[in-house]
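Chemist: Below: one structure in structure tokens.
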Amino acid sequence: MQRIGLLTSGGDASGMNSSIRAVVRKAIYHGLEVIGIRRGYSGFIEADMGPMNLGSVADIIGRGGTILHTARSERFKTKEGRALAMENIQRFGIQGLVVIGGDGSFTGASILHQEYGIPMIGVPGTIDNDIAGTDYTIGFDTAVNTVVDAINKIRDTATSHERTFVIEVMGRNSGNIALAAGLAGGAESILIPEIPFNIEEICQKLLRGIKRGKLHSIILVAEGAASGIDIGRQVKEQIGFDTKVTILGHLQRGGTPTAFDRILAARLGAKAVELLMAGETNKMVGIKAGEIVATDLTEVIGKPSPINKNMYELAKILSI
Ligand code: ADP
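Under this note's numbering, the residues of the sequence shown are numbered 360 to 679, in order.
Below is the structure:
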């Protein structure tokens with residue numbers, strides 16, 4: 360293998376840049392050339408790509424987002440779109456691909472592999488931490504830290520005004536961000552899609568807290584479980600409490616990546632290059648119990664990535 364292609368695809372996540380840097384520098388270290396593809400699979404189809412060198416990844420280790428940009432490409436989901444992509448892959452002499460993204464991005468690359476045999480390795484990059492085959496995805500830790508920071512700030516106001524706050528966080532169908540940030544931030548209730556919740560119980564807990572002199576409460580809601588506004592409305596209906604609702608939204612995606620995300624991004628990016636050089640394909644790199652591992656994509660795509668139920672129970676006990 361002499362020349363590899365690199366792209367980021369799907370939702371952006373902090374640490375993607377750190378991973379781009381690792382892939383490019385590791386590949387060049389081993390004498391490979393790297394073609395950077397801009398705007399995910401759209402860049403393939405439109406030939407929006409070009410060579411990268413050591414300097415192209417200077418000063419990006421601590422920057423959120425992705426210098427290669429990312430996009431969702433409907434055209435790549437069609438045979439005709441992928442045929443165009445493959446023409447450009449051949450034109451640019453790309454012999455293997457590193458795809459930094461989520462489940463959808465890996466699906467696209469593995470279909471391309473099935474159709475044309477181009478080797479590909481996936482690197483999990485998404486704030487949602489919802490990918491099987493890895494304990495952590497790149498961007499999750501930064502997003503959790505952002506949410507904890509927001510909880511800290513909102514708690515100051517919640518305490519001063521003796522109020523109940525509802526905070527809605529991202530995660531798509533996963534409750535991982537809410538669970539980790541809720542435990543770290545000491546939220547009184549954590550609502551996640553993986554575990555059914557009962558609004559009456561949540562309200563009773565609020566009342567119990569007030570009885571024992573609690574000045575404030577924070578209900579953390581994963582977007583996949585309910586909308587924050589709806590929870591606020593239901594609390595009002597049940598016990599007449601006015602709540603303040605904050606939807607953190609896209610604040611959670613960007614920002615300078617944490618050291619954890621940078622280190623993870625570096626290790627995973629480097630491993631992806633090693634796998635391509637070893638002739639591997641259709642694998643995703645990940646971290647399991649602190650070790651960097653490679654998992655077959657058939658064990659990753661569409662497979663559940665369950666939450667840690669013990670952590671959920673612990674958060675419940677500690678917020679009693
Ligand atoms: P993520 O990678 O974060 O899960 P998406 O699900 O939006 O994000 O997927 C990113 C891109 O991957 C899509 O815009 C599309 O170009 C490609 N993709 C997703 N699913 C498929 C599919 N079934 N076939 C071909 N390409 C796909």
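Yeah, the Cβ is synthetic: ideal placement off N, Cα and C, and Gly gets one too.
1. Just list the residues that DSSP pairs residue 665 with in beta bridges.
2. So, is residue 398 buried or exposed, given that buried needs 16 or more other C-beta atoms within 10 angstroms?
3. Nearest-angstrom Cα distance between residue 565 and residue 659?
4. So does residue 485 have its beta carbon nearer than 7 Å to some heavy atom of ligand 1?
5. Could you work out which residue in 430, 454 and 493 is closest to residue 643 when comparing CA atoms only?
6. Can you tell me the Cβ-Cβ gap for residue 484 and residue 372, rounded? I've got them flagged as a contact below 8 Å.
7. Using only the alpha-carbon positions, how far apart do residue 692 and residue 623 sit?
8. Would residue 629 and residue 579 qualify as a contact pair, given that the criterion is a beta-carbon distance under 8 Å?
9. Who are the Cβ neighbours of residue 502 in its own chain at under 6 Å, not counting the five residues just before and after it?
10. Between residue 561 and the rest of its own chain, which residues show a CB-CB distance below 7 Å, the 5 nearest in sequence each way excluded?
11. Where does residue 599 land, buried or exposed, given buried means 16+ other C-beta within 10 angstroms?
12. In the structure shown, what three-state DSSP assignment does residue 658 receive?
13. Looking only at C-alpha atoms, which of 481, 386 and 673 sits nearest to residue 653?
14. Taking C-beta to C-beta, are residue 458 and residue 574 nearer than 8 Å?
15. For residue 476 versus residue 362, is the C-beta distance shorter than 8 Å?
16. Rounded to whole angstroms, what is the Cα-Cα separation between residue 405 and residue 544?
17. Taking the runs of the alpha helix (DSSP H) that are 4 residues or longer, which of them lie wholly in the stretch 538–598?
18. Please state whether the Cβ-Cβ distance between residue 442 and residue 400 is less than 8 Å.
19. What residue from 407, 645, 421 and 368 has the CA that sits closest to residue 614's CA?
20. Among residues of its own chain, excluding the 5 on either side of residue 558, which ones have a beta-carbon nearer than 8 Å to its beta-carbon?
Modeler: Concretely, from the data shown:
1. The partner list for residue 665 (beta bridge, DSSP) is empty, contrary to what the question assumes.
2. buried
3. 39 Å
4. yes
5. 493
6. 5 Å
7. For residue 692 there is no data in the structure shown, the boundaries of the chain being 360 and 679.
8. no
9. 486, 536 and 611
10. 548 and 578
11. exposed
12. helix
13. 481
14. no
15. no
16. 45 Å
17. 558–570 and 587–598
18. no
19. 421
20. 590, 593, 594 and 597
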